[in-house]
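Only one structure is covered here, and it is reproduced in the block below.
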Ligand SMILES: Cc1cc2nc3c(=O)[nH]c(=O)nc-3n(C[C@H](O)[C@H](O)[C@H](O)COP(=O)(O)OP(=O)(O)OC[C@H]3O[C@@H](n4cnc5c(N)ncnc54)[C@H](O)[C@@H]3O)c2cc1C
Ligand code: SF4
Ligand code: SF4
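Protein chains in written order, with full-length UniProt numbering: chain F, 1 to 461; chain R, 1 to 356.
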């Protein structure tokens with residue numbers, strides 16, 4: 001067993017890299033354990049697009065201002081108040097100094113953005129996306145002399161009283177052990193462990209797709225929880241969206257999302273509608289459909305649109321299923337044809353004046369006279385060819401995690417663990433009780449990664 | 001054109017269109033995002049806009065081993081290569097040289113041989129300096145067709161390109177915009193000025209951009225030097241050789257030096273870069289072309305340096321021989337990319353203008 005390293009960072013995503021870089025800049029000798037091979041390094045972070053950032057006045061690519069109160073209000077809306085206010089405000093406030101820090105460490109942002117997202121005030125978009133961010137950090141880490149072990153799977157942290165005594169990992173086919181002075185856990189959630197998801201959610205979880213890395217299996221999280229390290233969050237809470245049913249089981253990433261729900265009707269496998277497709281706008285509607293689909297038989301849904309709507313949403317990775325009649329579409333999608341036609345006809349009959357239809361605003365174009373209304377964008381599905389997509393639940397990340405304080409330090413019932421810190425998804429439940437705010441995952445990882453790196457380095461020095 | 005190459009590029013373009021993370025690296029992405037379905041013409045245009053900087057490859061979360069298996073720089077390079085071959089006139093020549101460095105070398109040696117033979121058989125006709133080796137009239141007789149033929153060939157190819165990509169009437173604004181992008185190689189700057197990912201995986205560097213600019217500007221200076229020489233010869237009755245303080249030399253010497261440095265650096269970068277991110281079958285042809293350019297520039301400089309010595313006739317044959325092959329090969333080698341790129345940039349200016 002060696003003590004060559006001051007600090008061991010577990011994970012290879014954004015939070016881990018921010019912690020490692022910060023600690024190395026404070027003079028600590030740091031090693032990163034990344035369980036994925038190099039080609040897959042970077043966890044969920046490599047799938048990300050943007051970072052939500054507070055700022056007073058224009059900052060980098062961000063326009064106007066976005067102040068602490070507004071940011072916090074936005075967070076309260078999505079979490080329904082289930083957040084730790086002190087930690088949330090710390091994350092929000094610190095995000096402002098993160099953006100220049102990111103740029104100094106090689107991250108580049110999109111100058112301005114086009115397309116359908118209008119977040120130029122609140123979210124800074126990475127040029128090239130999260131993988132280019134992760135690459136920039138690995139380059140920086142290399143320059144700082146941080147050692148990176150790929151395909152190094154951490155299996156156990158030995159908690160001895162109030163400190164971590166040693167760490168076990170598997171690398172190059174062998175089990176190894178080191179005893180660093182301090183440890184930072186940044187190994188993400190447990191969503192890629194289907195068994196754990198199933199224990200938490202019940203059997204439907206078997207049908208969920210995992211949008212991100214297959215390597216976040218919660219191994220370290222489970223190991224620490226078993227040793228009575230304090231946790232937060234509800235195991236059934238996670239960020240889930242509706243994704244294309246044909247998406248890969250893991251790692252489909254951003255391209256499998258479907259933005260067509262507002263212009264559609266969505267039915268279950270019995271060809272029955274089950275929720276108001278016209279409710280509310282992005283980002284809320286984006287996040288709710290994952291759960292709605294999860295509650296349907298076989299955890300599937302089907303979006304039905306017609307040719308009027310095909311160009312109104314972002315293209316998605318798989319082409320829609322296309323047919324000239326509804327019956328034919330139903331056949332192709334495995335839905336009961338008579339039932340589908342009936343559902344569509346009932347819906348169409350309930351549509352009224354559509355002249356105020358406006359694809360990018362809540363337009364109030366709604367149905368009347370049916371039990372399950374559609375409250376916006378309600379246009380009859382009547383212009384062939386007809387198109388359909390299947391929907392499944394796509395899990396982004398889980399919320400059950402390690403409880404931390406303002407210094408990102410972990411604890412047991414008896415008090416802080418003197419040499420253990422956590423950052424990123426693995427402690428995000430400390431702030432996100434439920435719901436999700438676009439770009440906040442990277443905020444939490446960057447802020448708490450830097451805090452954890454700083455605290456660990458101070459301790460190790 | 002090969003449908004499987006297009007099918008593959010189309011598949012990848014559709015994934016990029018759903019992702020859009022690389023928006024901002026280069027002009028390929030804004031052009032791509034404007035389409036929902038990609039025609040062959042769209043793909044040709046995208047492929048010729050791509051500078052193979054590889055920024056999008058290293059930023060992509062879907063590269064192998066991911067099942068989406070994205071490699072956009074390669075897919076576009078293949079389509080680009082294929083488009084040049086199919087637009088080229090006469091067609092079969094393109095296939096021989098685009099991909100084949102050895103054939104370029106053979107052609108160059110043939111170029112030398114023709115010149116040696118010309119010197120032996122046509123001779124000096126009593127001129128001075130270079131013309132003591134080969135008469136001016138003989139040089140004109142050889143080089144004028146060798147210059148005009150490629151122009152004709154390229155014109156035909158570009159017209160085919162324009163038809164293939166549904167190009168519209170060109171205005172001055174389109175040209176100004178396109179030359180602006182070409183002048184500073186905007187699309188090799190990575191969208192952030194840090195350059196591209198050509199030499200060492202995801203490391204950003206301006207090396208390729210600078211080397212490419214050295215070659216381009218070096219070439220333009222040399223071309224200007226030759227034009228200046230022609231004007232001095234015909235308009236002012238001042239035949240070569242020219243002294244250092246003359247237009248042909250003041251333009252040509254720095255131009256030659258830039259080209260030598262630039263081609264050496266381009267060859268070095270090409271050796272370092274991952275071959276699987278380009279049209280790998282064309283690697284040899286591209287390298288052959290870089291080396292030919294190097295030879296043209298170096299032999300030109302040596303000719304100037306050794307012009308007063310006994311080695312002059314030899315250097316003259318080598319220089320003129322390599323220039324001859326260079327001209328003749330222009331429509332069928334990587335040299336053609338300059339013309340297509342400009343055409344693509346002009347077409348892109350039209351796309352942008354149509355948005356406003
Ligand atoms: C498709 C998608 C898009 C997203 N878009 C955004 C966005 O635009 N903005 C945003 O803020 N958030 C986004 N998120 C959420 C965001 O990805 C996360 O909040 C954030 O990346 C978490 O970073 P992290 O460092 O905590 O975890 P990760 O980046 O997931 O890193 C965890 C790392 O730990 C490693 N690891 C796991 N177990 C072990 C072990 N036992 N031993 C060693 N290493 C281990 C993994 O291999 C991985 O490298 C998105 C997520 C997905 C899936
Ligand atoms: S190359 Fe990859 S990351 Fe870039 S836009 Fe295409 S799919 Fe997205
Ligand atoms: S390789 Fe470079 S120039 Fe080509 S599409 Fe990708 S980013 Fe653009």
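Don't be surprised by glycine CBs; every beta carbon is placed ideally from N, CA and C.
key: Outcome for residue 429/F when other beta-carbon atoms lying within 10 angstroms are tallied against a minimum of 16   = Around the Cβ of residue 429/F, a 10 Å sphere holds 16 or more other Cβ atoms; the residue is buried.
inquiry  = I'd like to confirm something about residue 40/F: is its beta-carbon nearer than 8 Å to some heavy atom of ligand 1, or not?
reply    = Answer for residue 40/F: yes, Cβ within range of ligand 1.
key: Contact under 9 Å by Cβ, residue 249/F with residue 334/F   = Note that the C-beta distance between residue 249/F and residue 334/F is not below 9 Å.
task = State the start and end residues of the unbroken alpha helix (DSSP H) segment that holds residue 249/R.
result = Unbroken alpha helix (DSSP H) run through residue 249/R: 247-272.
ask   = DSSP on residue 410/F, reduced to helix/strand/coil?
value = Note: residue 410/F maps to strand in three-state DSSP.
Heavy atom of ligand 2 within 8 Å of residue 23/R beta-carbon = Result yes, Cβ under 8 Å from ligand 2.
ask   = Taking Cβ positions only, does residue 115/F come closer than 9 Å to chain R?
value = At residue 115/F the pLDDT is 46, less than 50, meaning the model places this residue with poor confidence; the figure from the coordinates comes in the next sentence. Answer yes: the Cβ-Cβ gap between residue 115/F and chain R drops below 9 Å somewhere.
task = Please name the residues in the stretch 63-95 of chain R whose beta-carbon is closer than 9 Å to at least one beta-carbon of chain F, in chain order.
result = Legend: CB atoms of the stretch 63-95 of chain R lying less than 9 Å from CB atoms of chain F belong to residues 63, 64, 65, 66, 67 and 68.
request  = Would you tell me roughly how many angstroms separate the C-alpha atoms of residue 102/F and residue 193/R, rounded to the nearest one?
outcome  = So the alpha carbons of these two residues sit roughly 17 Å apart.
query = Is the number of C-beta pairs between the stretch 117-127 of chain F and the stretch 75-95 of chain F that are closer than 8 Å three or more?
reply = Contact between the stretch 117-127 of chain F and the stretch 75-95 of chain F is absent: fewer than three C-beta pairs spanning the two stretches fall below 8 Å.
ask   = From 347/F, 206/F, 315/F and 184/F, pick the residue whose C-alpha is nearest to that of residue 34/F; which is it?
value = Nearest C-alpha to residue 34/F: 184/F.
query = Just by C-beta distance, which residues in the stretch 38-62 of chain R are closer than 9 Å to chain F?
reply = If the cut-off is 9 Å between Cβ atoms, the stretch 38-62 of chain R has 55, 56, 58, 59, 60, 61 and 62 near chain F.
task = Using the Cα positions of residue 181/R and residue 187/R, report the straight-line distance between them to the nearest angstrom.
result = Taking the CA atoms as reference points, residue 181/R sits about 7 Å from residue 187/R.
query = Can you tell me whether DSSP reads residue 177/F as helix, strand or coil?
reply = Three-state DSSP puts residue 177/F in a strand.
inquiry  = Quick check: is any heavy atom of ligand 3 less than 8 Å from the C-beta of residue 149/F?
reply    = The answer is no for residue 149/F.
task = Anything in chain R within Cβ reach of residue 131/F, meaning under 7 Å, just list it in chain order.
result = Residue 131/F reaches chain R at 59, 60 and 61, counting residues in chain order whose Cβ is nearer than 7 Å.
ask   = How would you label residue 418/F, buried or exposed, when you count the other beta carbons within 10 angstroms and need 16 or more for buried?
value = Under this definition residue 418/F is an exposed residue.
request  = Give the secondary structure of residue 236/F by DSSP, where H, G and I count as helix, E and B as strand, and everything else as coil.
outcome  = Note: residue 236/F maps to coil in three-state DSSP.
message = Using a Cβ-based criterion (distance less than 8 Å to any ligand heavy atom), does residue 73/R qualify as near ligand 3?
response = Of the heavy atoms belonging to ligand 3, at least one sits nearer than 8 Å to the Cβ of residue 73/R.
query = Fully enclosed by the stretch 137-183 of chain F, which beta strand (DSSP E) runs are 3 residues long or longer?
reply = Counting whole runs of 3 or more residues, the stretch 137-183 of chain F contains the beta strand (DSSP E) stretches 147-150, 153-160, 163-171 and 174-178.
key: the stretch 58-70 of chain F touching the stretch 150-163 of chain F, judged by at least three CB pairs closer than 8 Å   = With a cut-off of 8 Å on Cβ pairs, the stretch 58-70 of chain F is not in contact with the stretch 150-163 of chain F, counting fewer than three such pairs.
query = Using a C-beta to C-beta distance shorter than 7 Å, which residues of chain R count as neighbours of residue 46/F?
reply = Within 7 Å of the CB of residue 46/F, the CB atoms of chain R belong to 61, in sequence order along the chain.
request  = Please determine, among 375/F, 190/F and 143/F, the residue with the shortest C-alpha to C-alpha distance to residue 277/F.
outcome  = The shortest C-alpha to C-alpha distance from residue 277/F to any of 375/F, 190/F and 143/F is the one to 375/F.
ask   = What is the rounded straight-line gap between the Cα of residue 213/F and the Cα of residue 207/F?
value = The alpha-carbon atoms of residue 213/F and residue 207/F are separated by roughly 17 Å.
inquiry  = Using C-beta distances below 6 Å, list every residue in its chain close to residue 60/R, excluding the 5 sequence neighbours before and after it, in chain order.
reply    = So the list reads 70, once near-sequence residues are dropped.
request  = Scan the stretch 203-214 of chain R for residues whose Cβ lies nearer than 7 Å to a Cβ of chain F and list them as they occur along the chain.
outcome  = Using a CB distance below 7 Å, the part of the stretch 203-214 of chain R facing chain F consists of 203, ordered along the chain.
message = So if DSSP puts residue 401/F in a beta bridge, which residue, or which two residues, is it bridged to?
response = In DSSP, residue 401/F forms a bridge with 232/F.
task = Grab me the residues of residue 351/R's own chain with a C-beta within less than 8 Å of its C-beta, minus the 5 sequence neighbours each way, in chain order.
result = Taken in chain order, the residues that qualify are 31 and 34.
Beta carbon proximity, residue 337/F to chain R, threshold 9 Å = No - not a single Cβ of chain R is within 9 Å of the one on residue 337/F.
Cβ pair residue 520/F, residue 188/F closer than 9 Å = Look at the range of chain F in this structure, 1 to 461, and you will see that residue 520/F is not part of it.
message = Under 8 Å: do the stretch 345-363 of chain F and the stretch 405-416 of chain F share three or more Cβ pairs, one atom per stretch?
response = By the Cβ rule, the stretch 345-363 of chain F does not count as touching the stretch 405-416 of chain F, because fewer than three pairs are nearer than 8 Å.
request  = For chain F, find out if any of its Cβ atoms is closer than 9 Å to the Cβ of residue 184/R; answer yes or no.
outcome  = So no, residue 184/R is outside the interface.
Contacts around residue 5/R, its chain only, beta-carbon distance under 6 Å, and the 5 residues preceding and following it disregarded = Answer for residue 5/R: 78, 79 and 82, listed in chain order.
query = Which whole-angstrom value describes the C-beta separation of residue 387/F and residue 321/F, a residue pair presumed to lie in contact below a C-beta threshold of 8 Å?
reply = Indeed they touch by this definition, with Cβ atoms about 7 Å apart.
task = Consider the C-beta atom of residue 255/F and the heavy atoms of ligand 2; say whether any pair is separated by less than 8 Å.
result = Under cutoff, so the answer is yes.
query = What residue range is occupied by the uninterrupted beta strand (DSSP E) comprising residue 416/F?
reply = Counting along the chain, the beta strand (DSSP E) containing residue 416/F begins and ends at 415-422.
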